[in-house]
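Read in order, the letters of the sequence shown correspond to residues 4 to 457 in the numbering used here. Below: one structure, written as structure tokens.
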Amino acid sequence: MNSGDTAWMLAAAALVMFMTPGLGFFYAGFTRSKNVLGTIMQSFIVVGLVGVLWVLIGYTLAFGPTEGGIIGNLSFIGFKDVGIIPDDKAVVGNVTWGPTIPHEAFAIFQAMFAIITPALITGAFAERAKFSTFLVFMAAWSLLVYAPVAHWIFGAGWLGIADSGGINALDFAGGAAIHVNAGAAALAAALLYGRRKGFGREPMEPHNVTYIVLGAAILWFGWFGFNAGSAGAASGQAANAFVVTNTAAASAALSWMFASWALTGKASVIGAAAGAVAGLVAITPASGFVQPWAAIVIGSVAGVVCYLAVRVRERSGVDDSLDVVAVHGVGGTWGALATGLFATAAVSGLADNEGLFYGHPAQVLDQLAAIATVWIYSFAVTAIILKVLDLTLGLRVTEDEEELGLDVTQHGERGYVLDEGAGLAVVQYAEGPPPAPTSAPRVQPESAGSGAGS
4 MNSGDTAWML AAAALVMFMT PGLGFFYAGF TRSKNVLGTI MQSFIVVGLV
54 GVLWVLIGYT LAFGPTEGGI IGNLSFIGFK DVGIIPDDKA VVGNVTWGPT
104 IPHEAFAIFQ AMFAIITPAL ITGAFAERAK FSTFLVFMAA WSLLVYAPVA
154 HWIFGAGWLG IADSGGINAL DFAGGAAIHV NAGAAALAAA LLYGRRKGFG
204 REPMEPHNVT YIVLGAAILW FGWFGFNAGS AGAASGQAAN AFVVTNTAAA
254 SAALSWMFAS WALTGKASVI GAAAGAVAGL VAITPASGFV QPWAAIVIGS
304 VAGVVCYLAV RVRERSGVDD SLDVVAVHGV GGTWGALATG LFATAAVSGL
354 ADNEGLFYGH PAQVLDQLAA IATVWIYSFA VTAIILKVLD LTLGLRVTED
404 EEELGLDVTQ HGERGYVLDE GAGLAVVQYA EGPPPAPTSA PRVQPESAGS
454 GAGS
């Protein structure tokens, strides 16, 4: 066992865990003040829900010995045989966790990926989801969508480089397995949940830009563990992943800000924050395979492409409330494709899996196959799950509950208490139906959307 590798992997797992509450702040800043707690709660409670499911069954489905390259078997159910000592026979994807770190260290690191991925989807249906149904959806999605896709790409499944007879797509830390996966699910969710009440007619400005910047900063910080931890060791590849992660985020923050500035005449704070996240998304699949100069290209393109995707969404009428599709779906797609362009053995040591610009055009085809597979599977299965839940439990809160806000109607609490009487509505709603609104909510007039397109 290597104590340095073990210490780094445990620290990386903690960094990735911190990303999920950071995501909660990032998303909450975009919503209206009456939904700030509900939005944060949707991210926070996933840490508990998926954290338990991962130990019980999620890990073995994603990383158990493969059944035909499709799903893991039940060898690790309940973390059975996931021990505190190295296992020199265990190889998962392109990471060998056996020789240098405990199996449990690898498993808990991957748990944090399984937690944040469904949390990403919540931005697509912000401000209108029934909390009880939301919990069922998160549980079902983590087992029926995330676990199989993670097995295909990270485990010994048919899409990843661990299966020499498969497609051999490169995905170092989850461009397809996490971001394309969440983006495709978010598109299905936005369509199945439908638009918020008043969408397109009433202004729905972000209520707290400070939260947005705070959340983006936490995500940026945690992403060093996300990408560099995916090396599975304290190694040169981890150092490269750390460097290119920062470089891509910085490049995308600038390119989104400048693109927005050119079109609106203002240097948007929201644009810089959203751009940084877009760059982090795009570099995720490439971080263990590309050099720093390529990270500048990947990040710069991501900032512009994701910004334009937000503008397209605004004109489409689809209420992907917090632009999950534009940032994670489009950003992850670009990052996965760019990996097939810029991957080099000088970083990865994989001479047979270099990119187009290093003489291996077939790698681009492998990347496209993985991207298309994840988009189709995730969208289709997510749509089926949500349709079943809509017909049985109902996806949305009532119009009266939506008008009053999720904080009070779903959780009986408020994010902001400005005077002694502000808690009265909480008490009243706990004892009966919500009171009718006495006045229209205060809004700002600039825009009718609450997404990232500033």
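Quick reminder that beta carbons are idealized off the backbone N, C-alpha and C, glycines included.
- Boundaries of the alpha helix (DSSP H) around residue 366: 365–395.
- Across the set 108, 129 and 113, the C-alpha of 113 shows the shortest separation from the C-alpha of residue 176.
- Its Cα nearest to that of residue 393, the residue 134 stands out among 406, 183 and 134.
- Taking every protein chain shown into account, the CB of residue 53 has 16 or more other CB atoms within 10 angstroms, so this residue is buried.
- CA-to-CA, the gap between residue 78 and residue 70 works out to about 11 Å.
- Residue 34 is classed as buried because its beta carbon has at least 16 other beta carbons within 10 Å across all chains shown.
- For residue 121, the uninterrupted alpha helix (DSSP H) segment begins and ends at 106–124.
- Distance from residue 157 to residue 237 at the Cβ level is roughly 20 Å; contact not present, criterion being Cβ atoms closer than 8 Å.
- A straight-line Cα-Cα distance of about 12 Å links residue 206 and residue 199.
- Just measuring C-alpha positions, the residue of 194, 260, 273 and 265 sitting nearest residue 218 is 273.
- Separation of the CB atoms of residue 41 and residue 396 is rounded to 17 Å, and the pair is thereby denied contact status at 8 Å.
- Within the model, the alpha-carbon separation for residue 334 versus residue 118 is close to 20 Å.
- In the pairwise beta carbon analysis, the region 253–271 is classified as not touching the region 185–193: fewer than three pairs are separated by under 8 Å.
- When only Cα atoms are considered, residue 18 and residue 280 end up about 16 Å apart.
- Between residue 61 and residue 266, the alpha-carbon positions lie close to 45 Å from each other.
- Here residue 50 is near residue 23, since their CB atoms are less than 8 Å apart.
- In this structure, 5 is the residue among 299, 5, 277 and 285 with its C-alpha nearest to the C-alpha of residue 103.
- For residue 419, the number of other beta carbons within 10 angstroms of its own is below 16, and it is reported as exposed.
- Annotated as distal: residue 336 and residue 387, with beta-carbon spacing of 8 Å or more.
- Residue 302 places its beta carbon less than 8 Å from that of residue 252.
- DSSP links residue 329 through a beta bridge to no other residue.
- When 109, 323 and 10 are compared, the shortest CA-CA separation from residue 58 is found for 109.
- Counting the other CB atoms within 10 Å of its CB gives residue 174 a total of 16 or more, which places it among the buried residues.
- Take residue 15, set aside five residues on each side of it, and the residues of its chain with a beta-carbon closer than 7 Å to its own are 112, 228, 231 and 232, in chain order.
- In the three-state scheme derived from DSSP, where H, G and I count as helix and E and B as strand, residue 399 is classed as strand.
- Annotation note: the region 136–168 contains the following uninterrupted alpha helix (DSSP H) runs of length 4 or greater, listed N- to C-terminal: 150–156.
- Every alpha helix (DSSP H) of 4 residues or more that sits fully in the region 260–344 is shown, in chain order, as 272–286 and 295–319.
- Nearest in C-alpha terms to residue 181, of all of 349, 123, 416 and 347, is 123.
- When DSSP assignments are scanned along the region 197–237, the uninterrupted stretches of alpha helix (DSSP H) that are 4 or more residues long and fall wholly within it turn out to be 212–231.
- The three-state secondary structure of residue 455, taken from DSSP, is coil.
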